[in-house]
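Residue numbers (the numbering used here): 295 to 675.
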């Protein structure tokens with residue numbers, strides 16, 4: 295495909311200008327942030343079955359991101375790799391459909407049946423599929439389209455196996471099933487957040503593509519539903535308001551009816567989740583990875599005039615949820631904008647039903663939070 299050929303052409307031009315270039319070729323890299331892996335993860339999570347519109351499907355040898363790093367580190371210390379091409383991958387040779395099925399079975403304990411649809415081959419072009427999958431995964435459609443074009447190509451070890459260069463290489467790649475288990479665990483623990491799945495970075499890729507979703511004013515951006523509530527504050531109050539943001543959860547609560555949050559915590563426990571917990575590592579300090587009740591801190595920035603706190607929900611929901619607080623200055627130097635945004639990436643129809651069934655409750659809670667967090671006395675509005 296053009297996508298795969300472009301990688302090899304890049305390496306070719308690098309070799310023209312530099313001595314000792316090592317070109318590593320790999321198929322799908324398993325780990326948060328790799329776009330191909332994020333597509334596999336999204337499809338396995340959201341689809342009730344896999345449709346196969348194409349009779350032929352390319353093969354791939356996926357490789358765990360830690361193994362890629364191990365190969366790169368090892369090659370830096372061995373001149374035998376200089377000016378060489380090294381193809382790397384796990385022992386598993388899989389189709390993309392099989393990768394989705396194995397992820398579903400291994401991580402989600404879910405069996406996905408592959409249904410062949412050969413008559414739709416001419417209708418479901420990479421262009422159309424790219425836009426459908428983009429709505430589900432949050433990855434730009436143009437990138438998905440290029441990746442789908444590679445579905446018909448073989449991304450497997452061929453004429454340039456690494457063993458030709460270094461038969462004694464100590465790196466032993468993990469199996470695909472083992473790799474997805476580790477990647478999924480890291481995602482759950484918020485150790486490595488994918489830029490494709492994190493709402494704060496969506497504007498980098500799609501700054502002009504937010505749009506109205508249905509008539510209820512709930513919005514959707516590249517597969518992500520969101521609600522935004524803002525209030526203008528004085529710049530002198532920025533630190534005070536953000537201090538309240540930092541103190542959220544635990545004994546402080548959420549500047550809104552406590553009983554509503556307690557009910558949500560009880561529901562989470564009944565469904566097998568952690569519940570509200572009402573715990574914090576340190577009520578005064580925040581760092582990425584901290585747990586705040588049933589939230590995990592995934593982004594934190596505390597600059598003098600730009601402040602961000604993003605929390606990812608660690609509760610049982612039919613989708614992924616984030617709560618983000620931002621403060622940034624306006625053109626009027628004496629004013630700043632405080633914004634609370636709730637993001638939700640629904641997993642299938644249940645996800646949409648969940649979001650809209652709580653629409654008015656969320657609206658009441660989030661508006662109350664904004665009003666109380668910006669009030670002179672946050673306990674009263």
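All C-beta atoms in this analysis are idealised placements derived from N, C-alpha and C, irrespective of residue type, glycine included.
Proximal residues to residue i (C-beta, below 8 Å), its chain only, five neighbours per side dropped
i, result
"residue 463", "365, 368, 456 and 457"
"residue 657", "521"
Close Cβ partners of residue i (< 7 Å) along its chain, the five nearest in sequence each way excluded
i, result
"residue 641", "339, 340, 612 and 613"
"residue 475", "400 and 401"
"residue 390", "351, 354 and 445"
"residue 582", "591, 592, 593 and 594"
Beta-carbon proximity check, residue i vs residue j, cutoff 8 Å
i, j, result
"residue 450", "residue 383", "yes"
"residue 594", "residue 666", "no"
"residue 393", "residue 342", "no"
"residue 619", "residue 539", "yes"
"residue 531", "residue 628", "no"
"residue 631", "residue 526", "yes"
"residue 544", "residue 447", "no"
"residue 738", "residue 385", "As shown, the chain starts at 295 and ends at 675. That puts residue 738 outside it, with no answer to give."
"residue 664", "residue 634", "yes"
"residue 358", "residue 321", "no"
"residue 459", "residue 375", "yes"
"residue 562", "residue 610", "yes"
"residue 579", "residue 655", "no"
C-alpha gap between residue i and residue j, whole angstroms
i, j, result
"residue 565", "residue 313", "59 Å"
"residue 426", "residue 334", "14 Å"
"residue 331", "residue 311", "32 Å"
"residue 603", "residue 547", "16 Å"
"residue 307", "residue 379", "14 Å"
"residue 477", "residue 598", "35 Å"
"residue 688", "residue 537", "Summary: the structure shown does not reach residue 688, with the chain confined to residues 295 through 675, and so no result is reported for it."
"residue 670", "residue 568", "34 Å"
"residue 467", "residue 388", "15 Å"
"residue 606", "residue 407", "31 Å"
"residue 436", "residue 296", "13 Å"
"residue 600", "residue 328", "29 Å"
"residue 489", "residue 590", "Model confidence at residue 489 stands at a pLDDT of 47, short of 50, so the residue's coordinates are unreliable; what they give is reported in the following sentence. So the two alpha carbons sit approximately 16 Å from each other."
"residue 469", "residue 586", "34 Å"
"residue 317", "residue 461", "17 Å"
"residue 638", "residue 453", "45 Å"
"residue 504", "residue 651", "With a pLDDT of only 40 at residue 504, under 50, the local geometry of the prediction cannot be trusted, and the value read off the model is given with reservation. Rounded to the nearest angstrom, the two C-alpha atoms are 22 Å apart."
Beta-carbon contacts of residue i that lie in its chain and below 6 Å, excluding the five residues immediately before and after
i, result
"residue 345", "409 and 411"
"residue 648", "612"
"residue 492", "Caution is warranted here: a pLDDT of 41 is assigned to residue 492, below 50, making its placement in the model unreliable, and no coordinate value can be reported."
Residue nearest to residue i in terms of C-alpha spacing, selected from the options
i, options, result
"residue 418", "439, 405 and 398", "439"
"residue 624", "524, 596, 652 and 638", "524"
"residue 363", "591, 615, 465 and 610", "465"
"residue 315", "579, 373 and 360", "373"
"residue 615", "459, 646, 470 and 626", "646"
"residue 441", "461, 662 and 300", "300"
"residue 588", "570, 303 and 653", "570"
"residue 323", "309, 298 and 360", "360"
"residue 519", "668, 636 and 337", "636"
"residue 622", "584, 608, 303 and 596", "596"
Residue i CB to nearest heavy atom of the ligand FMN below 7 Å
i, result
"residue 635", "This structure simply doesn't include the ligand FMN, nor any ligand for that matter."
Counting only runs that start and end within the stretch 304-370, where is the alpha helix (DSSP H) found for 4 or more residues in a row? Along the stretch 304-370, the alpha helix (DSSP H) occurs as fully enclosed runs of 4 or more residues at 329-340 and 359-370, listed in sequence order.
As an exercise, report each continuous alpha helix (DSSP H) stretch of at least 4 residues that is fully enclosed by the stretch 531-584, in chain order. Whole alpha helix (DSSP H) segments, 4+ residues: 532-540 and 552-564.
At 4 residues or longer, what runs of the alpha helix (DSSP H) sit wholly inside the stretch 372-436? Correct list: 390-401 and 420-431.
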